[in-house]
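To start, the structure under review is shown below, and the notes come after it.
There are 2 protein chains.
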Amino acid sequence: MKKSNPTDCSSAIIPVRDALDVISGKWKILILISITHGNKRFTEIQKSVPKITAKVLSKELKDLEEHLLIERKIIDDYPVRIEYSATPHSQTLSKLVKELQDWGVKHRAKIIGK
Amino acid sequence: MKKSNPTDCSSAIIPVRDALDVISGKWKILILISITHGNKRFTEIQKSVPKITAKVLSKELKDLEEHLLIERKIIDDYPVRIEYSATPHSQTLSKLVKELQDWGVKHRAKIIGK
DNA sequence: TTAATCACTAACCTTTAGGTAACTACTATC
DNA sequence: GATAGTAGTTACCTAAAGGTTAGTGATTAA
Numbered sequence: 002m003k004k005s006n007p008t009d010c011s012s013a014i015i016p017v018r019d020a021l022d023v024i025s026g027k028w029k030i031l032i033l034i035s036i037t038h039g040n041k042r043f044t045e046i047q048k049s050v051p052k053i054t055a056k057v058l059s060k061e062l063k064d065l066e067e068h069l070l071i072e073r074k075i076i077d078d079y080p081v082r083i084e085y086s087a088t089p090h091s092q093t094l095s096k097l098v099k100e101l102q103d104w105g106v107k108h109r110a111k112i113i114g115k
Numbered sequence: 002m003k004k005s006n007p008t009d010c011s012s013a014i015i016p017v018r019d020a021l022d023v024i025s026g027k028w029k030i031l032i033l034i035s036i037t038h039g040n041k042r043f044t045e046i047q048k049s050v051p052k053i054t055a056k057v058l059s060k061e062l063k064d065l066e067e068h069l070l071i072e073r074k075i076i077d078d079y080p081v082r083i084e085y086s087a088t089p090h091s092q093t094l095s096k097l098v099k100e101l102q103d104w105g106v107k108h109r110a111k112i113i114g115k
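Taken in sequence, the protein lines are chains A and B.
Residues 2 to 115, numbered by my numbering, are exactly what the first sequence covers, in order.
Residues 2 to 115, numbered by my numbering, are exactly what the second sequence covers, in order.
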C-alpha cells in the first residue's frame, strides 16, 4: 500500500498557530474593535460588546495588556478613572480585523442566500 | 456624574462575531491550510497538523463541511478512499489566512525583540 | 436618604473543548 | 500468521472558558 506523504505546510501553520494563541477566543477581537472605536472606560466597553460580563471583560483586558495590544492608564483625579487605549502594536491587526469583518458579511450572505 | 455613552461599533462587531462563530477555535484554520496545501486524506491532514488527534480532526472536518468550507468525497475503488477538498467558498478566506500568518510572524518578532 | 455609577473581585457553577485509549472492518505487506 | 495502515467511532475524563450572583468602597445625583 502507498504510504501517504503529507504536504508540509508548517511554514504557514506555525505562524498562524502563534497568532491564534494571542487573538483567538470569543472576545479579544471584539474588545479591540470597541477600544479602537474610541471606547476607553470599562463600562463603555462592557456596554458596547454584546453579552460580555464584567468578569470576562476584566480577564480579557488583562490578557490584551500582557500581549501589548492595549494600555491601561490610571487618571488620577476625583474620582479616579481608568482608561484603556489601543497600542501602536494593536494597529498591526487592523487589516486582519477588516478581513474578518468583510468575511463575516460575505459568509452570512452565502449562508442566507442558499 | 457623567453617564458614559459608549461609541456604537455594532456594524463592525456583528460581522466579526459571525465570522468568529465559524472559524474560531484551535484547529479550523490550520486544517483549512493543510487542505488548501494539497492534503486530501484523513491521515495526511492529521500528520500535517501538529498535535491534532483523530477524534478532534473527525469532528472539525464535519463542522467545516457543514459550513460549506470543505467537501468530502468517497472514492469508490479498492480500497475505498475518502478525499477532502476546499470549496470555492473557502477560498474567500485566503486573504484572512494570509493576514493571520503575516501577523503571527510580526507578533513573534515583536515579543522576542523586546 | 436612597439609589446608582465605576471598576472591579470572589466564590461558585455549567458548558464546551479537547485528550486518551480502545475498538471496528477492511486491505496490504512481511 | 503477524503487523500495520485507513478512516474513523465510542466511552470516558480533564481542563479551560465562560456565566451567575453578590459584594466592595468611593462618589454623586435625585
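From the three backbone atoms N, C-alpha and C, an ideal C-beta is built for every residue, glycine too.
A quick note: this is a predicted structure, and the numbers were derived from the prediction, not measured.
The distance from the Cβ of A:Glu100 to that of A:Arg42 is about 28 Å, inconsistent with a contact at the 8 Å cut-off. Note that the C-beta distance between A:Cys10 and B:Ile75 is not below 8 Å. The C-beta of A:Glu67 has fewer than 16 other C-beta atoms within 10 Å across all chains shown, which makes the residue exposed.
Identification of residues in the segment 96 to 109 of chain A having a C-beta nearer than 8 Å to some C-beta of chain B yields Lys96, Leu97, Val98, Glu100, Leu101, Gln102, Asp103, Trp104, Gly105, Val106, Lys107, His108, Arg109, given in sequence order. A:Thr93 has a beta carbon lying within less than 8 Å of a beta carbon in chain B.
Chain-order list of chain B residues neighbouring A:Ser35: Pro7, Thr8, Cys10, Ile14, by C-beta distance under 8 Å. For B:Ser49, the three-state secondary structure derived from DSSP is helix.
Residue environment: A:Thr37 is assigned as buried (16 or more neighbouring CB atoms within 10 Å of its CB, all protein chains considered). In this structure, A:Ile71 sits near A:Thr88, with a CB-CB distance shorter than 8 Å.
Not one beta carbon of chain B lies nearer than 8 Å to the beta carbon of A:Val81.
At the C-beta level, B:Gly105 and A:Asp78 stay beyond 8 Å of one another. At least one beta carbon of chain A lies nearer than 8 Å to the beta carbon of B:Gly39. Runs of the alpha helix (DSSP H) lying entirely within the segment 31 to 96 of chain A, each at least 4 residues long, are 43 to 49, 55 to 67, 89 to 92 in chain order. At a cut-off of 8 Å between C-beta atoms, A:Arg73 does not count as an interface residue with respect to chain B.
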